[in-house]
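Residue numbers (the working numbering), protein chains in the order written: chain A, 1228 to 1590; chain B, 2 to 306.
Pasting the structure below:
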């Protein structure tokens, strides 16, 4: 697989190469793995210091598994994770635990992410104590400062999670992550469980914290408008693979991958009068236990040049325009020669297909 | 905002619902017991028994193994000897008071030992999972396949000069198998909660996660099982002492007092009735408390919160 090079000439903070996380499906007692669910299958991406990389995709495409595999909360099956120049996958025991303070996570469900038996202060303090950042009164002072930083009263430290609303709990979760002074935070759908009015507050808080602390975010979401607002660059996932990776502006202006082109059609518009062209995908995403051959998207693809070769050749993630990566050899330019496509049963040569842009021209 | 029409308020999203969680603090448990008549009676009964046991040496008119003389053999209850005397002319009230001390002590300590061992064993198995889980729980299955009474009888009969503390050890270490299954089930549920993942992401060691996050969440059901276990151990100890295999004579326990009168129970009924009532009453009280504790853990399954 081709590897996206550095987007800004800077050194990436996090470098993921060909990451795969497979889950064996076992049956019966002492059962041999009957099938393998390829939740994440060969993902490569970079996150630069201070940037937000958005990850979008529908439910079950492996976004959450990707985030947790990068943090090694789920152990990946293959691939490399390099964080700040350190081979993160090679770390074990105390070295791994020590490194963990630099990579934190914010969860989707603010009701399950806090231990109901511990006070807010105790929860936030845990990281401070484990990494010996502060102890005793100094730790309490830190907790007060962190609560203030996420927009909560320091006096709340002695309260229990059930006394707070979803948005407040999410702020507590953010404070817990910030306590150990991370460089990267994986935000796993941090606002999906919140009311729309609270979503904006939490997103603004995350943006403010990014500015003041220079944080990098891996922002996982299925809400395209939230990602557009948050992310500098966006990776689109489908069936455990990255299908397209570009700056947020490029991706929304000129999506190249037929899958990405269909995504905006799924976003409801607040104006019922507005006419828009919709690309409605047929069928459901295939099972990651039994993905289609070749391009995993080909059974649902609407590209006019789609042909038999799509079910044979797995498309590489290749640079179509400057810093615009897409895994589709029917969108030129491509490194998959026409002869090779013909050899695999291809009947339609690659051609640019931009239905979304066509919509703009009409409108 | 005062003159904003009511309709406009509908557009404002309602505050996020706070999901009611069974936090299960010490106060919740205490309130569940004391806020119920049955619970109050049970607590009062047990408190009285414990008080009597503690003050046994002050209240009792005699020593538990003091022989009052051949003319005071097998006397029915009277003002001088409210619970009567036994075949060896010992005061039964005195023996009951001292017996309460031994019986309750053994029951409480053995049940606690079972609770602690079962909690740690099961929580470790459920939290770590995989091969360790299989190893720990299959060994539990193995022990559960042997009836507890048989297991206890075997150990006790092979152990000469068994002290009350030895009996605590035997009863405690044969009573935790069921508790460990409960604790494991709780740990399995907790293991995939996000706050456990958050702790791992923070770099908290597995030992610390087990102690700080997993064990406290398994505590509730284990507490109930342990309370019920007190009743079981109480009866089991009485049974062993009745057979002469529990606490060795002349130390009195409720079971051994019943045994003292077992050969002539049609005549010396007071040797059976008083310790028997103490056994039944204590078992009922302990079970009533366990039932109230369950209300905290499964608030929706039981009426009468």
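The beta-carbon is built from N, C-alpha and C at its ideal position, and this holds for glycine as well.
Here the structure is a predicted model, which means the values were calculated and not measured.
Excluding its 5 nearest sequence neighbours in each direction, residue 63 of chain B has C-beta neighbours in its own chain below 6 angstroms: 92, 95, listed in chain order.
Judged by beta-carbon spacing, residue 230 of chain B lies within the 9 angstroms limit of residue 112 of chain B, meaning their Cβ atoms are closer than that value. Assignment of residue 1251 of chain A by DSSP, reduced to helix, strand and coil, places it in the strand class. Distance from the CA of residue 1428 of chain A to the CA of residue 1383 of chain A, rounded to the nearest whole angstrom, comes to 19 angstroms. Taking 4 residues as the minimum length, the alpha helix (DSSP H) runs contained wholly in the segment 1259 to 1347 of chain A are 1290 to 1297, 1320 to 1326, in order along the chain.
Taking 9 angstroms as the CB threshold, residue 146 of chain B stays off the interface with chain A. In the three-state reduction of the DSSP assignment, residue 1416 of chain A falls in the coil class.
Interface annotation, residue 195 of chain B: in contact with chain A, CB-CB separation under 9 angstroms. In the DSSP assignment, residue 1470 of chain A falls within the beta strand (DSSP E) that extends over 1468 to 1474.
Secondary structure at residue 270 of chain B: coil, using DSSP grouped into helix, strand and coil.
Shown here for residue 1291 of chain A: same chain residues with a beta carbon closer than 7 angstroms to its own, the five before and five after excluded, namely 1415, 1447 in chain order. Here residue 1385 of chain A is exposed: its Cβ has fewer than 16 other Cβ atoms, across all protein chains shown, within 10 Å. According to the DSSP assignment, residue 1446 of chain A belongs to the beta strand (DSSP E) that extends over 1443 to 1447.
Taking 9 angstroms as the CB threshold, residue 1332 of chain A lines the interface with chain B. In the three-state DSSP reduction, residue 177 of chain B falls in the coil class, being neither helix nor strand.
Within chain A, the residues 1353, 1357 have their CB atoms less than 7 angstroms from the CB of residue 205 of chain B, given in chain order.
B/49 is the residue among B/31, B/37, B/49, B/190 whose C-alpha sits nearest the C-alpha of residue 279 of chain B. When secondary structure is reduced to three states using DSSP, residue 1457 of chain A falls in the helix class.
Residue contact check for residue 1336 of chain A against chain B: a CB pair falls below 9 angstroms.
Apart from the 5 residues on each side of it in sequence, residue 75 of chain B sits with its Cβ closer than 6 angstroms to the Cβ of 88, 269 in its chain, given in chain order.
Burial check for residue 187 of chain B: the Cβ neighbour count within 10 Å reaches 16 or more, so the residue is buried. Exclusion of the five residues before and after residue 40 of chain B leaves 33, 34, 289, 290, 293 as the residues of its chain whose Cβ lies within less than 8 angstroms of its Cβ. From the beta-carbon of residue 1341 of chain A, the residues of chain B found nearer than 9 angstroms are 195, 196, 199. Taking the C-beta atoms as reference points, residue 1370 of chain A is found nearer than 9 angstroms to residue 1351 of chain A. The Cβ-Cβ distance between residue 1247 of chain A and residue 1331 of chain A does not fall below 9 angstroms. Approximately 3 angstroms separates the beta-carbon atoms of residue 177 of chain B and residue 119 of chain B; this is inside 8 angstroms, confirming the contact.
The beta carbon of residue 197 of chain B lies closer than 8 angstroms to those of 191, 210, 214, 215 in the same chain, with the five residues before and after it left out. In the DSSP assignment, residue 1438 of chain A falls within the unbroken alpha helix (DSSP H) covering 1423 to 1440. Boundaries cannot be given for residue 1557 of chain A, as no beta strand (DSSP E) includes it and DSSP labels it neither H nor E. Neighbours of residue 1407 of chain A in chain B, taken as residues at a C-beta separation under 7 angstroms, are given in chain order as 203. For a Cβ distance threshold of 9 angstroms, residue set 203, 204 of chain B lies close to residue 1328 of chain A, ordered along the chain.
Here the segment 1384 to 1398 of chain A lies against the segment 1329 to 1344 of chain A, with 3 or more beta-carbon pairs under 8 angstroms apart. The Cβ atoms of residue 1569 of chain A and residue 1559 of chain A lie no closer than 9 angstroms to each other. It is roughly 21 angstroms from the alpha-carbon of residue 1509 of chain A to the alpha-carbon of residue 1542 of chain A. The C-beta separation of residue 271 of chain B from residue 85 of chain B comes to about 4 angstroms, placing the pair in contact by the 8 angstroms criterion. The Cβ of residue 1295 of chain A sits closer than 9 angstroms to at least one Cβ of chain B.
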